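*Asks:*
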């Protein structure tokens with residue numbers, strides 16, 4: 002129909018050129034698209050490689066030694082915030098560490114110096130196994146002995162522990 006219309010208007014319709022022009026434009030567009038994809042792929046590969054390098058660098062930094070006086074902002078200026086400034090310090094922290102150390106020493110001494118029954122009574126009475134301490138009556142009921150016998154065992158065990166702790170055994 003277009004050809005008839007073009008002939009009736011005395012227009013020459015260059016069909017071959019027009020089709021050839023479309024093909025060449027399509028080929029050019031395809032090449033441009035391929036270059037873009039290749040560039041995008043290359044840029045993605047570069048981004049991934051960059052991310053991997055950044056990960057390894059951060060891991061290397063984390064594995065290194067850190068001083069408490071190092072600044073957090075990395076500039077090292079006197080007015081900057083240091084790691085030591087950010088650490089929370091409680092007044093009871095040293096006391097807690099002392100208590101843990103003492104408990105560990107007592108547990109070792111109980112294991113070394115006392116017989117099985119004495120160790121069990123001391124453990125239950127003072128909660129050395131991190132349970133709630135029990136009364137002498139509760140220990141007596143649990144062990145099937147009298148409260149007075151629990152008291153004598155406890156007294157004898159405490160004397161042994163005191164002597165062992167003083168001598169450092």
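Residue numbers (my numbering): 2 to 170.
From the three backbone atoms N, C-alpha and C, an ideal C-beta is built for every residue, glycine too.
No experiment lies behind these values; they were computed from the predicted model shown.
Go ahead and pull the three-state DSSP assignment for residue 83.
*Replies:* Here residue 83 sits in strand by DSSP.
*Asks:* From residue 162 to residue 111, what distance separates their C-alpha atoms?
*Replies:* Rounded to whole angstroms, residue 162 to residue 111 spans 7 Å at the Cα level.
*Asks:* Of all the alpha helix (DSSP H) runs that stay within the bounds of the region 128-157, which reach a length of 4 or more residues?
*Replies:* If we require 4 residues or more, the alpha helix (DSSP H) runs fully inside the region 128-157 come out as 137-144.
*Asks:* Would you mind reading off the limits of the alpha helix (DSSP H) that contains residue 115?
*Replies:* Neither: residue 115 is in no alpha helix (DSSP H) and is coded neither H nor E.
*Asks:* Quick check on residue 194: does DSSP put it in helix, strand or coil?
*Replies:* Residue 194 lies beyond the range of the chain shown here (2 to 170); nothing can be said about it.
*Asks:* Under a Cβ-count criterion, where at least 16 other Cβ atoms within 10 Å of its own Cβ denotes burial, should residue 154 be classed as buried or exposed?
*Replies:* The residue in question, residue 154, is buried, as its Cβ has 16 or more Cβ neighbours within 10 Å.
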